[in-house]
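Here's the structure, in structure tokens; my notes come after.
Numbering (the UniProt record's numbering), first residue to last: 1 to 135.
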């Protein structure tokens, strides 16, 4: 995803009479720290510029998600901080949002649901047993 100034530079390079391939290579030559734009994405950018007269992305259709807004997100994350072992179903009941919204909020904030399983506990002589097993 390129920023608006980067898109302007791409349009100006292409407007200089270069093909899409040449414009992509020229952009990469001028800005080696940036990834080389694909000629197809350059083509879509030029087509959007010609038809709409803008390099901005189109406005997203549909209603914005209200359940994953800042107040609900803060509420869910606060519940998680207070009790990290709480299930998502318990958070749904306490916060009053849907299961999908709670899962989406957790996923966006890099929290993933899991169940902790205690398989066994370690004892003092476990190290000796492991060494014997390996020999």
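We treat Cβ as the ideally placed atom computed from N, Cα and C, and that holds for glycine.
In this text the structure is predicted, and so the values were computed from the model without any measurement.
The segment 76-105 is shown to contain whole alpha helix (DSSP H) runs of 4 or more residues at 88-95, in chain order.
Around the beta-carbon of residue 78, fewer than 16 other beta-carbon atoms lie within 10 Å, marking it exposed. Taking the Cα of residue 4 as reference, the smallest distance to any Cα among 25, 54, 19 and 129 is reached at 54.
Taking C-beta separations shorter than 7 Å and ignoring five residues to either side along the sequence, the partners of residue 49 in its chain run 11 and 55, following chain order. In this chain, the alpha helix (DSSP H) harbouring residue 50 covers 39-52. The residues 9, 10, 13 and 37, in chain order, have a CB closer than 7 Å to that of residue 27 in the same chain once the five nearest residues on each side in sequence are set aside. The straight-line gap separating the alpha-carbon atoms of residue 118 and residue 35 is approximately 46 Å. In the assembly as shown, residue 45 is a buried residue. Its beta-carbon has 16 or more other beta-carbons within 10 Å. Spatial neighbours of residue 111 in its own chain (CB-CB distance under 6 Å, excluding positions within 5 residues in sequence) are not present. In this structure, the beta-carbon distance from residue 52 to residue 39 does not fall below 8 Å. A distance of 8 Å or more separates the beta carbons of residue 103 and residue 72.
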